[in-house]
Structure formats: structure tokens, C-alpha cells
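Asks: Protein chains in written order, with my numbering: chain A, 31 to 495; chain B, 31 to 495.
For each residue, glycine too, the CB sits at the ideal point set by N, CA and C.
Below is a structure I'd like to ask you about.
Protein chains: 2
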Amino acid sequence: MEEMIEFTGEELRPTADTVLAMMEQKQFAALRDWLCEFPAADIAELFLDVPEEKEPLLFRILPKEFAAEVFVDMDTDAQERLLFAFSDRELGEVLSELYLDDTVDIIEEMPANVVARILKNSSPENRRQINELLKYPSDSAGSVMTTEFVALKKTMTVEEAFVAIRRGAIDKETVYTCYVTDAGRHLEGVVTVKTLLLADPEALLSEVMEDNVVSVDTLADKEAVALCFNKYGFLALPVTDAESRLVGIITVDDAIEVLQEEAEEDFAVMAAVTPSEDPYLRTGVFSVFLSRVPWLIILMLSATFTSIIISGFESALAACMALTAFIPMLMGTGGNSGSQASATIIRGLSLGEIGFRDTLRVLFKELRVSVLCGVCLAVATFLKVILVDRMLMGNPEVTVTVALVVALTLLVTVICAKLIGAALPILADRIGLDPAVMASPFITTIVDVVSLLVYFGVASAFLGI
Amino acid sequence: MEEMIEFTGEELRPTADTVLAMMEQKQFAALRDWLCEFPAADIAELFLDVPEEKEPLLFRILPKEFAAEVFVDMDTDAQERLLFAFSDRELGEVLSELYLDDTVDIIEEMPANVVARILKNSSPENRRQINELLKYPSDSAGSVMTTEFVALKKTMTVEEAFVAIRRGAIDKETVYTCYVTDAGRHLEGVVTVKTLLLADPEALLSEVMEDNVVSVDTLADKEAVALCFNKYGFLALPVTDAESRLVGIITVDDAIEVLQEEAEEDFAVMAAVTPSEDPYLRTGVFSVFLSRVPWLIILMLSATFTSIIISGFESALAACMALTAFIPMLMGTGGNSGSQASATIIRGLSLGEIGFRDTLRVLFKELRVSVLCGVCLAVATFLKVILVDRMLMGNPEVTVTVALVVALTLLVTVICAKLIGAALPILADRIGLDPAVMASPFITTIVDVVSLLVYFGVASAFLGI
Numbered sequence: 031m032e033e034m035i036e037f038t039g040e041e042l043r044p045t046a047d048t049v050l051a052m053m054e055q056k057q058f059a060a061l062r063d064w065l066c067e068f069p070a071a072d073i074a075e076l077f078l079d080v081p082e083e084k085e086p087l088l089f090r091i092l093p094k095e096f097a098a099e100v101f102v103d104m105d106t107d108a109q110e111r112l113l114f115a116f117s118d119r120e121l122g123e124v125l126s127e128l129y130l131d132d133t134v135d136i137i138e139e140m141p142a143n144v145v146a147r148i149l150k151n152s153s154p155e156n157r158r159q160i161n162e163l164l165k166y167p168s169d170s171a172g173s174v175m176t177t178e179f180v181a182l183k184k185t186m187t188v189e190e191a192f193v194a195i196r197r198g199a200i201d202k203e204t205v206y207t208c209y210v211t212d213a214g215r216h217l218e219g220v221v222t223v224k225t226l227l228l229a230d231p232e233a234l235l236s237e238v239m240e241d242n243v244v245s246v247d248t249l250a251d252k253e254a255v256a257l258c259f260n261k262y263g264f265l266a267l268p269v270t271d272a273e274s275r276l277v278g279i280i281t282v283d284d285a286i287e288v289l290q291e292e293a294e295e296d297f298a299v300m301a302a303v304t305p306s307e308d309p310y311l312r313t314g315v316f317s318v319f320l321s322r323v324p325w326l327i328i329l330m331l332s333a334t335f336t337s338i339i340i341s342g343f344e345s346a347l348a349a350c351m352a353l354t355a356f357i358p359m360l361m362g363t364g365g366n367s368g369s370q371a372s373a374t375i376i377r378g379l380s381l382g383e384i385g386f387r388d389t390l391r392v393l394f395k396e397l398r399v400s401v402l403c404g405v406c407l408a409v410a411t412f413l414k415v416i417l418v419d420r421m422l423m424g425n426p427e428v429t430v431t432v433a434l435v436v437a438l439t440l441l442v443t444v445i446c447a448k449l450i451g452a453a454l455p456i457l458a459d460r461i462g463l464d465p466a467v468m469a470s471p472f473i474t475t476i477v478d479v480v481s482l483l484v485y486f487g488v489a490s491a492f493l494g495i
Numbered sequence: 031m032e033e034m035i036e037f038t039g040e041e042l043r044p045t046a047d048t049v050l051a052m053m054e055q056k057q058f059a060a061l062r063d064w065l066c067e068f069p070a071a072d073i074a075e076l077f078l079d080v081p082e083e084k085e086p087l088l089f090r091i092l093p094k095e096f097a098a099e100v101f102v103d104m105d106t107d108a109q110e111r112l113l114f115a116f117s118d119r120e121l122g123e124v125l126s127e128l129y130l131d132d133t134v135d136i137i138e139e140m141p142a143n144v145v146a147r148i149l150k151n152s153s154p155e156n157r158r159q160i161n162e163l164l165k166y167p168s169d170s171a172g173s174v175m176t177t178e179f180v181a182l183k184k185t186m187t188v189e190e191a192f193v194a195i196r197r198g199a200i201d202k203e204t205v206y207t208c209y210v211t212d213a214g215r216h217l218e219g220v221v222t223v224k225t226l227l228l229a230d231p232e233a234l235l236s237e238v239m240e241d242n243v244v245s246v247d248t249l250a251d252k253e254a255v256a257l258c259f260n261k262y263g264f265l266a267l268p269v270t271d272a273e274s275r276l277v278g279i280i281t282v283d284d285a286i287e288v289l290q291e292e293a294e295e296d297f298a299v300m301a302a303v304t305p306s307e308d309p310y311l312r313t314g315v316f317s318v319f320l321s322r323v324p325w326l327i328i329l330m331l332s333a334t335f336t337s338i339i340i341s342g343f344e345s346a347l348a349a350c351m352a353l354t355a356f357i358p359m360l361m362g363t364g365g366n367s368g369s370q371a372s373a374t375i376i377r378g379l380s381l382g383e384i385g386f387r388d389t390l391r392v393l394f395k396e397l398r399v400s401v402l403c404g405v406c407l408a409v410a411t412f413l414k415v416i417l418v419d420r421m422l423m424g425n426p427e428v429t430v431t432v433a434l435v436v437a438l439t440l441l442v443t444v445i446c447a448k449l450i451g452a453a454l455p456i457l458a459d460r461i462g463l464d465p466a467v468m469a470s471p472f473i474t475t476i477v478d479v480v481s482l483l484v485y486f487g488v489a490s491a492f493l494g495i
């Protein structure tokens, strides 16, 4: 009881100060026992606060198996520093404790010389499997699967299955979902440990297994696969190659990570920031600057179009200065309308709810929504212009015709904005671009140009300027 | 083999047409066998395409246990229609097959009369537990936990533990993580089935269990808890009450759902849309309209400030018409700078990486980032104005002083925008509002006002207008 960890924030985690003090006093055994009481992810975070030169010593204090768990949870920079500090023997020991999919994740982030050392110090069989896993495209199911799973035969009894599971359990990431394969490694069925626990020990696997297996191809989109976990509530999902042979499994923790990464990415790109995996407070000022400034410059330069249009209509604006005051509102509302549509569609594309085949349905729906929104906004803005700008503020230049021009422009702008906002992400997706890159700021720029052209067009027609 | 379901889109799922045709021809037994071969989530989706009056018949065709699984995966409207169609006996049967946390999720979405019928048809023990679960706030760990878990005693042997697990397995959502409690239901340890499988059958649980248990309080924020699953890779997490008694567990599938919901919400609110749980293509035009129009109207009306400011400086603009052309660029870049900061901070708050205590650190970091961004943008815009607007477009009004005014305004605007964008979400969070509501469009409005005031201030000082 006295050792229970309540989740109450961070008060109870070991702090770098205490750990360093214990290291100073050479209380290594006590430190080792104390650190082992915490989850590996907490100890990995501890490494963020320890001076770099103390990292190898702290790492060597941890018992081997636990050290490997901690290593997997560290950030890439700390992993790289440690890998440099390791002797070949140490490296081999850590690698032998890692799950293969974790090793591959680490390799993908490391520079070439570190990768070469990792491969050199892996067993020949692991090296072969690592090279196999590295071949899959980074957005595929193959890239997130592990090749360590429990495979059973359908001629086994439940009791024999338990023996096989026990034998394989130590170095398998999950044992709770087992796969039944034939001699050619083709997937024949799936059976959970829960089912096995409830079954008669003498029963054959062919009798108790589920033979309708949901499986995914190695090249399937990893996000679509991760969404499967959410929809079906799986703990693991089998991955098969082009010949329908079972080559690996994806576990639920990897699926959660894929979903979280994608959500972060969509969110970041919507806000015109280059996505980063590091927590904000731990990211350097210069990195934050670099993730933001290119987008700001691109968007700023693209605003050149709007200034050119406004310059071109300078004489019209000079003739009716009141029109200038409504430009920000028109462009802003157009931009917001477009973002609403694009955000909805981008998320729908990410979640696989919307595809290219739905383009016409989406556009027709956005057309109807935008007419409803546009009419509401046009009426509201007409009343606002008359009541506030004309009556309350007493601006004589704001005539009923000006109010009409503004309202009509708004209606047309909202409709255009929503159609553009819905169409661009679908088109981007179709030609293989990330739809989120076509997101609100870009759409805003296009909508800005459209709203200005509509505004000056309508104003010319109604006001004769 | 011939029955394996490859995940390749939706081609292989039963279609409403085929199902209705089979129902028409009264091939109920064949239909039942066929439907049972698919995951429950797919059959739940099928109900979306079947006419409402056929739903009860289709539901009654399914075997009892499978029907309950399908029911849980249905959307709320379909559940409500079915609950109305059920006799009391049918309702009781479905309820007896549901996990308690799923029943509670359903109850939370139903109108009062349906809730009354559900409670009336539950067993007294379930009714008590449902009422207990309903008491937790909707954002708490208690609201997503289930009270059905495997509890063991530390005096049991591994063999006895397996007997207890087998006995309880049928109606437990997960059996793979078991909890060891004392006579007062206090949590003493945790043991996984994997550990039990690898242990000597004669060993005592007290020897094999892990006694450092990460647990959460019933009132802990459910999102913080869900993030724990991602960080530590748990399959289940125990929930304890104020007296440290084990009252329930949260399973990984519920954690995934919480994470997905929060990501959708943040994403929707960032784009100024009221979040909705329904897929876009299945949401009616009017619902989409209602989720969008209030935000557009609020943001449009808030643009009144910008038009008032512009009207106030009409004479200044008339004196130097060239200034008008840069207003959209200045406001746009300010808005984008602010959104970048706010999006980063909002996500950081959601993920628990940033709190009120970090306000000064965040502001200092944003200050440095914004000075870097601002200087870059100011230089870029100065060059652009001179090269494009003055030389290329040959606008004589665009003097070097005008270019300087624009560049200086941009620098000040970017700094203000990033500080406002970072500060508002933290303040909103502090006073208990959803920080995402303070998101980009609102911050944009404030930044718009600031950028205009800075612009006209700088222009007055330098151009003497």
C-alpha cells in the first residue's frame, strides 16, 4: 500500500536533483531499487532533466530489461547520445531486450553511422527482420507492425496452445491475441486467451477459433488501420502480405500513437505550423521560429494579390471611401466560412469518412449550407450596416445602396468560400498531397482574392464607380 | 480461408439492399448466419442504411449476445428508435448482455422516459451500479470507467487465480489485467494474465504481483487519464475513490475514444464550428448550418470594431491611398501569427504539457520567437514593397517611408499577435473556459484591431497624416 503511485500530476516522480545527489553519494543500489518502482516512461522523462554527461552512468544503474524499456520511451536526442556512449557489448545487450518494431522506430530516427552500429550488433535473424521492416513505406501498416507474435496450428488442443503461448510469451509484445496459420503461414483463424481460458482444455483450436479474421495488408494506410482499432475495439490486428501470408501484427499501443500523431499533424498544419513531435516547453526558440516563419512568409507574399487588387480599385475606393471600412469584415467572414468547410472536410478525409467519390455530394451539401449561412449573414450585415454604421455612427456615405452592396457581396463570398474550402482539400487528397496543407490559411488567401473581386464587381455595378 | 475479411474499404460488407431482399424472402436463418460473420461495428453501420420501420425486425434476427454488441456500436438516434420499439422483456434481455459502462454511455444520451424504462428493466444490482456511475461528472475518470473487473486476493495461488478468472471471464470486458485487493477493497497490486501464464502454478499472487500500481482518482480529468494509456502503454487502468478503494477500471478502447473525441473537438473549435459526433456525410444540411452560422455571425459582428477604426482614419487613408492596399496583408499576417501561437498553446494545454504555472515561461518564449519572426517578416515585406509595389507596379505613392511604415507595423503586430495568441488560451483555461473557444478566429479579431491601431499610429507618426 505504501508504495502505490496515485496519478496526481508529477509530485511523486523522482526528481533530477535527488537522483543526482544519490549518484554523487554513490548510493547506486538504493537508487536502482527506487527508480525501478516507477513506470519506464517516467524514468525516461527524468533523463530530460539530467546533465548530458551523467546520462550514461544513470542508464547503467538501471537493470538490463528495465533499461531497455526506458530507452524506448526516451526522446530521439537522448537515445542518440546514449548510443554513442555505449560500448558494442552494451549496445548488443540493449538491442536484445528491445521489441523489433521499437528497434525499427529508433533506427528510422538515427544517422547512418549509428544505424550501421545497431545492425552490426544485432543477431543475424534480427538483422534480417529489421531490414525487412525498414522496406515498408513510412505511412504503411508494415512500418508500424511487429514481427513477433504467437502463431498456433489448428490441430493443437487448447492445452497445447497454452504450452506454446507460455514458451513464446517472454519476448512477444502481446500474447492475448493468437493467430492460427497453416503450413504456408496463411492466416486461418484467430483465438484470444480469454476464449482459451473458457474452453475445454481438450478442445481443438479449429473448434474454438474465430475463422472470420479482419486483417490488413502490409501496404494499407497506417491511419486507416489505426481507426479500425477505434471502430472494432481490437487489441491487435494481423498484417498479411500480397500472398495472404501472416507477416506481423499491429498492437493497440502503436495504433494509439498513430492516431495521436495524425491528430497533432492535422491540428498543426491547420494553424500553419510545421508539425513537431517535441513538447512545446522543451522545444528551442529557434526550432519554434523555424517551424513557423516559412508559413508566415509564404502567406504574407500571397497577400500581394490582395494589395494589387485594392491598388487597382483605388479610384473606386476614393470615390466612395465608406467601402474601405467593410473590406476586413468581408475578407474575414469569407475566410472563416472557408475554414469551417475545409476543417470539416479535412478531418472527414483523415478519418476515411469522405473520399473523392463523394465530391459532388459534398459540394451539393456545402452549396445548400452556404446559401443558408450566406442569407443569414447578408440579412444580419445589412441590418448592422444600416443601424450601426449609418444611424448610430451617422456616416452619411453609408447609404442603403452601400449596405446592399456589402450584403450581396457577403452572400456571394460565403457561397464561394465554402465551395472552395470543401473542394480544395478533396482535390489535394486526390492528387496525393496532404489535404491539411491546403488548409485554412491558403484557402483564406484564395477566398480573400475572390471576395475582393466580388466586392468591387458588385460595387461597380450598383454604385457606378 | 474463403471467409477471411481483408480490410480493403467497404466492398465486402453486407449491403442494405441484399439484407432487405433476404428479409423480403424470409430467409431469416441464412441472414442471421451471414450477418454474424461480420464485426458488430459493421452491422451497426448497416442499420444506418435500412428504413426505420425495418430496424426492429433486422435487430431481432441477430442472436442475443451479438445483438447487444451491435446495439452498443449504433448511433444514438437508431438506439433510441429501437429502445422505443422494444418490449420490456426484449429491453431486459439486451441490457443483461451489455457492459455496465456501455449502458451508462447510452443512458447519458437518452431522453428521461427512455432512461426510466432502462432503469426499470435492469437488475437491482445493476441499477445500483448504474446510478453510482451516473453521479460522476462527464469529464471525470469515473464517467468512463466500468465497474466490472477481475479482483483477486494476494493469498491465492496462481492456479486459484486462473479458476477465479475463468469464473468471472464471461461478463468482464477485460480479464488480462487483474487487480489484487484486500478485505477493504483497497488496491494492493496488479497482475497480468501474461505474468500468471509464465508463473509457477503453486506460487502465491503476493509473490508474482506488481505492487507499484499506477491508479487514478474517480474525479481525475478523463483526458489526462487517456493520455496515460498512450504514455505508459496500459491495457487497463484502475480507478480508486477518495478512500483509495478500487471502484472500477478504464479499458484501452475507452481511452482511445476519449483521445479521439478531444482531438475532434479541438480541431472543430479551432475552425469555429460547433463540434459534432456525427460523420459529415450523415449530418443533415440544417444541422451543419446550425453548427456554423452562430460563429460566423459573432465573428462578423466583432469585425465592426475594425470598420469603425478604418472609418475613423478615413481622412488619413484619403491622404495616402497606398496605405489601404496593405491592410489585408497586415491583418492576415497578424492573424496567422496569433493562430500559430494559440494552436500550439491550446494543444499543449489539452495534452497537459502546459499549465497556468508556465505563463511567464510561455510568454518569454513567444516574445523571443515573435521578435525573430517579426524581424524576418519586416525585412521580407520591406523588400517586397519596394521591389514589387514601388518598382514593378510603378506606384509612385509607395515611398520608402511607406515601406518602412508597413514593415515596422508588421514587426509590432507579429509580436503583439503571438503574445495575445499565447496568453488568451492560458487565461481561458485558468478561469475554467475551454481554451479552444478562445481560438484562432477570436484571437484574429483582437489582433485585427491591434494591427490597425498600430498601423495608423505608425503612419501618423512617420507620414504626418
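1) Quick check on Phe394 of chain A: buried or exposed, where buried means 16 or more other Cβ atoms within 10 Å of its Cβ?
2) Which same chain residues, not among the five before or five after Lys84 of chain B, have their C-beta less than 8 Å away from its C-beta?
3) Anything in chain A within Cβ reach of Gln370 of chain B, meaning under 8 Å, just list it in chain order.
4) Since Ile280 of chain A sits in a beta bridge, which residues does DSSP pair it with?
5) At what residue ranges does the segment 267–339 of chain B contain a whole run of the beta strand (DSSP E), taking only runs of 3 or more?
6) Closer than 8 Å between beta carbons: that is the criterion. Which residues of the segment 214–233 of chain A meet it against chain B?
7) Less than 9 Å between the beta carbons of Ala346 of chain B and Phe486 of chain B, yes or no?
8) Run through DSSP, which three-state label would Tyr166 of chain B get?
9) Suppose the cutoff is 6 Å on Cβ atoms and the five residues either side in sequence are ignored; what does the same chain contact list for Ser481 of chain A look like?
10) Give a yes or no on whether the minimum CB-CB distance between Val432 of chain A and chain B is below 9 Å.
11) Does the CB of Ser337 of chain B have a neighbour CB from chain A at under 9 Å?
12) Looking at chain A, is there any beta carbon in it that lies within less than 9 Å of the beta carbon of Pro93 of chain B?
13) Looking at the unbroken beta strand (DSSP E) that takes in Asp247 of chain B, where does it start and where does it end?
14) Give, in chain order, every unbroken run of the alpha helix (DSSP H) that is at least 4 residues long and sits entirely within the segment 132–194 of chain A.
15) Check whether chain B comes within 9 Å of Cys406 of chain A, counting only Cβ atoms and requiring the distance to be less than that.
16) Could you check what DSSP says for Asp230 of chain B in three-state terms: helix, strand or coil?
17) In angstroms, rounded to a whole number, what distance separates the CA positions of Val144 of chain B and Glu75 of chain B?
18) Taking C-beta pairs closer than 9 Å, name the residues in chain B that Asp131 of chain A reaches, listed in chain order.
19) Tell me which residues share the same chain as Leu78 of chain A and place their Cβ nearer than 8 Å to its Cβ, disregarding the 5 neighbours each side in the sequence.
20) With 9 Å set as the bound, which would you pick, yes or no: does the beta-carbon of Glu344 of chain B sit closer than that to a beta-carbon of chain A?
21) In its own chain, which residues sit with a C-beta less than 7 Å from the C-beta of Glu294 of chain A, not counting the 5 before and 5 after it?
22) Got a sec: is the Cβ-Cβ distance from Asp105 of chain A to anything in chain E below 9 Å?
23) For Tyr209 of chain A, list the residues DSSP reports as bridge partners.
24) Closest to Ala447 of chain B by C-alpha separation, out of B:Ile160, B:Ser372, B:Leu265 and B:Glu427, would be which residue?
25) Would Lys395 of chain A count as contacting chain B if we go by Cβ distances under 9 Å?
26) Under 9 Å between the Cβ atoms of Val134 of chain B and Leu163 of chain B?
27) How many angstroms separate the CA atom of Val221 of chain A from the CA atom of Ala256 of chain A?
28) Return the first residue and the last residue of the alpha helix (DSSP H) that Thr431 of chain A is part of.
29) For the pair the segment 173–185 of chain B and the segment 273–285 of chain B, tell me if three or more CB-CB distances fall below 8 Å.
30) Hey, out of B:Thr204, B:Thr334, B:Glu110 and B:Gly263, whose CA is closest to Ala418 of chain A's CA?
31) Under the assumption that Ala229 of chain B contacts Val243 of chain B (Cβ atoms under 8 Å), give the Cβ distance between them as a whole number of angstroms.
32) Can you give me the Cβ contacts of Thr38 of chain A inside the same chain, cut-off strictly under 6 Å, excluding the 5 residues immediately before and after it?
33) Are the segment 374–381 of chain B and the segment 337–346 of chain A touching, with three or more C-beta to C-beta distances below 8 Å?
34) Using a Cβ-Cβ distance under 9 Å, would Phe101 of chain B count as near chain A?
35) DSSP puts Glu240 of chain B in a beta bridge; with which residues?
36) Taking the alpha helix (DSSP H) that Asn260 of chain B falls in, what are its first and last residues?
Replies: Answer, in terms of the structure:
1) exposed
2) Leu50 and Met53
3) Ala301, Ala302, Val303, Arg322, Trp325 and Leu326
4) A:Leu267
5) 276–281
6) His216, Leu217, Glu218, Val223, Lys224, Leu227 and Leu228
7) yes
8) coil
9) Leu360, Met361, Gly364 and Thr443
10) no
11) yes
12) no
13) Val244 to Asp247
14) 142–150, 154–164 and 171–174
15) yes
16) coil
17) 23 Å
18) Within chain B, no residue comes near Asp131 of chain A; the closest Cβ sits about 12 Å away, beyond 9 Å.
19) Asp105, Ala108 and Arg312
20) yes
21) Pro305
22) Absent from the structure: chain E. Protein chains present are A and B.
23) A:Ala181 and A:Val220
24) B:Ser372
25) yes
26) yes
27) 21 Å
28) Val430 to Arg460
29) yes
30) The identity of residue 418 of chain A in the sequence shown is Val, whereas the question assumes Ala. Closest by alpha carbon: B:Thr334.
31) Not a contact, Cβ separation roughly 18 Å.
32) In this prediction, Thr38 of chain A has a pLDDT of 42, which is less than 50 and means its spatial position is unreliable; nothing more can be read from the coordinates.
33) no
34) no
35) B:Val220
36) Lys252 to Tyr262
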